[in-house]
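Enquirer: Sharing a structure with you now.
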Amino acid sequence: MSERVLEVLKAKFGDAVLKTHSQFGDDTAIVDAKSWKAVCRFLRDDPQMSFDMFTDLCGVDYPDRNPRIEVVLHLYSTQRRHRVRLKCAVGDEDMGGCEVDSICDLWVGANWFEREAYDLVGVTFKGHPDLRRILMYPEFEGHPLLKDYPADRAQPLVPYRTEAEAGVPLEKLAPFAHDEGMPFGRHPTREHGEN
Amino acid sequence: MGELKQVTLDASESSGFATTKLDALLGWARKWSLFKYPFVTACCGMEFMSLTSPRFDGTARFGAEAPRFSPRQSDLLWVVGTISQRQAPVLKRIYEQMMEPKWVLAFGTCASCGGFYDNYTTVPGIDKIIPCDVYVPGCPPRPEAVIDGLMLLQDKIARGDKTPGIVKPHEDPAAGVVKLRRSKDSER
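Residue numbers (the working numbering), protein chains in the order written: chain B, 75 to 269; chain A, 1460 to 1647.
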């Protein structure tokens, strides 16, 4: 539908557009992280593009890749009625250099989405006016949607009561058996040598 | 009305008066005047609305209707829904602000044990944070189950019983009785 956008991007930015693909009517351009903001500015300001609506921004962790974090941006043009997906990859396996330019000053709506991506995946957005956690609390350590964040690690703000205080058993049973739910391979029952 | 088990009516006196133990009187008074603080955080709130509205009338019948949105004036904390780690200090503070005597009812599976949320962000049951008197499991619990829980709590208040109680699963007594109107063999 908007493959023309990809053609224009490739012609305009050349090598900075690393890869493009179109599937099921969704057109994606993977761009170099260094030209992230330039591409975004072009998409917003060029009259042929005029992407005036910021739809979504998120971070995805691919632990087997290097760079491992992918920042995904969805844009829509209410005038041209076309949309595009823009991706860039940042960060090495130890999350070093995991930063990209903020696009808050291009689309105001990106503000909280960048905070969310920072909070959950740990992408630093350079030039963001107020890069704080948005969902988790300030005391939280680490970024919970990274694949190497332990699935059973909670960081309670209030220390849990002991069983002696409560007078009832407080241990939580695993909500799923080892063959249900939990698609990412956490098997609490197997760890305890049962089944 | 509830029963005062230890009431003695002195019929010999013409004026007529009753004697009872102070504890029993207090328990009777408390169990029929529960002022609730609804701490409603999630989808169980819909079922809570259904419970309190006329169709089930699950609180007014038990003297537990009037909500007080100040913890200072309430004595029954309804925790309705999932409690996240970020909310935990708020819940604990609300509980601490309530006056004694006070009771806590965990409405639904999430409040009781965290439900199917087993992750970094959800408190696995409010009893990790504050004492809990009655657990009502269910996702969400049916209003009948909540009424069971409320009656259980009243019973515990009257007896001065502080141990936590869990609403047991019910079988629908009509389940075996009701038959489909039209089956293969039936005549029309």
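We put the CB at the ideal spot given by N, CA and C, even for glycine. Here the structure is a predicted model, which is why all the values come from computation and not from measurement.
Return the residues of the segment 184-195 of chain B that lie within a Cβ-Cβ distance of less than 7 Å from chain A, sorted by chain order.
Expert: Correct list: empty, as no residue qualifies.
Enquirer: With a threshold of 6 Å on Cβ separation, who are the neighbours of residue 190(B) within its own chain once the five nearest residues in sequence on each side are excluded?
Expert: Position 116 of the first sequence, counted from the first residue, corresponds to residue 190(B). Excluding positions up to five away in sequence, the list reads 208.
Enquirer: Cβ closer than 8 Å: which chain A residues qualify as neighbours of residue 227(B)?
Expert: The sequence position of residue 227(B) within the first sequence is 153, counting from 1. Within 8 Å Cβ-Cβ: 1579.
Enquirer: Kindly indicate which three-state DSSP category residue 1564(A) falls into: helix, strand or coil?
Expert: Here residue 1564(A) is taken as the residue at index 105 of the second sequence, counted from 1. Of the three classes helix, strand and coil, the one that applies to residue 1564(A) here is strand, per DSSP.
Enquirer: Out of curiosity, what's the CA-to-CA distance linking residue 98(B) and residue 79(B)?
Expert: Within the first sequence, residue 98(B) is the residue found at index 24, counting from 1. Within the first sequence, residue 79(B) is the residue found at index 5, counting from 1. Rounded to whole angstroms, residue 98(B) to residue 79(B) spans 16 Å at the Cα level.
Enquirer: Go ahead and label residue 169(B) buried or exposed: buried means 16 or more other beta carbons lie within 10 angstroms of its beta carbon, across all protein chains shown.
Expert: As a first step, residue 169(B) is located in the first sequence; it is residue number 95 there, counting from the start. With 16 or more Cβ atoms within 10 Å of its Cβ, residue 169(B) is classed as buried.
Enquirer: In the DSSP assignment, what are the bridge partners of residue 210(B)?
Expert: Along the first sequence, one-based indexing puts residue 210(B) at 136. Paired residue(s): none; residue 210(B) is not in a bridge.
Enquirer: Using a Cβ-Cβ cut-off of 6 Å (strictly less than) and excluding sequence neighbours within five positions of residue 1613(A), which residues of its own chain qualify?
Expert: On the second sequence, residue 1613(A) is found 154 positions in, with the first residue counted as 1. Once the five neighbours on either side are set aside, the close Cβ partners of residue 1613(A) are 1490.
Enquirer: Evaluate residue 142(B) with the Cβ neighbour count: other Cβ atoms within 10 Å of its Cβ, from every protein chain shown; 16 or more gives buried, anything less gives exposed.
Expert: Position 68 of the first sequence, counted from the first residue, corresponds to residue 142(B). By the 10 Å Cβ count, residue 142(B) comes out buried.
Enquirer: Could you check how far apart the C-beta atoms of residue 1566(A) and residue 1595(A) are, in whole angstroms? I think they sit under 8 Å.
Expert: Here residue 1566(A) refers to the residue found at position 107 when the second sequence is read from its first residue. Here residue 1595(A) refers to the residue found at position 136 when the second sequence is read from its first residue. Right, the Cβ-Cβ distance comes to about 5 Å (below 8 Å), so this counts as a contact.
Enquirer: Should the segment 1617-1633 of chain A be regarded as contacting the segment 1520-1538 of chain A, the criterion being three or more beta carbon pairs within less than 8 Å?
Expert: No, they do not touch.
Enquirer: DSSP three-state call for residue 1526(A): helix, strand or coil?
Expert: Translated into positions along the second sequence, residue 1526(A) becomes position 67. Strand.
Enquirer: Can you tell me whether DSSP reads residue 1624(A) as helix, strand or coil?
Expert: Translated into positions along the second sequence, residue 1624(A) becomes position 165. DSSP places residue 1624(A) in strand when its eight states are reduced to three.
Enquirer: Spatial neighbours of residue 84(B) within its chain, please: CB distance less than 6 Å, with the 5 preceding and 5 following residues excluded, ordered by chain position.
Expert: As a first step, residue 84(B) is located in the first sequence; it is residue number 10 there, counting from the start. Only 91 meet the Cβ criterion.
Enquirer: Mind checking residue 1517(A): buried by the 16 CB within 10 Å criterion, or exposed?
Expert: Numbered from 1 along the second sequence, position 58 holds the residue referred to as residue 1517(A). Buried, by the Cβ-count rule.
Enquirer: By Cβ distance below 8 Å, which residues in the same chain neighbour residue 268(B) in space, the five residues on each side in sequence not counted?
Expert: As a first step, residue 268(B) must be located in the first sequence, where it is residue number 194. With a pLDDT of 43 at residue 268(B), under the threshold of 50, the modelled position of this residue cannot be trusted; read the value that follows with caution. So the list is empty, once near-sequence residues are dropped.
Enquirer: Grouping DSSP H, G and I as helix and E and B as strand, with all else coil, what is residue 119(B)?
Expert: Counted from its first residue, the first sequence places residue 119(B) at position 45. Helix.
Enquirer: Output, in chain order, the set of chain B residues within a Cβ distance shorter than 7 Å of residue 1551(A).
Expert: Taking the first residue of the second sequence as 1, we reach residue 1551(A) at position 92. Neighbours of residue 1551(A) on chain B, chain order: 232.
Enquirer: Count the other C-beta atoms from every protein chain shown that fall within 10 angstroms of the C-beta of residue 1598(A), then say buried if there are 16 or more, exposed otherwise.
Expert: In the second sequence, counting from the first residue as 1, residue 1598(A) sits at position 139. When all chains shown are included, residue 1598(A) counts as exposed.
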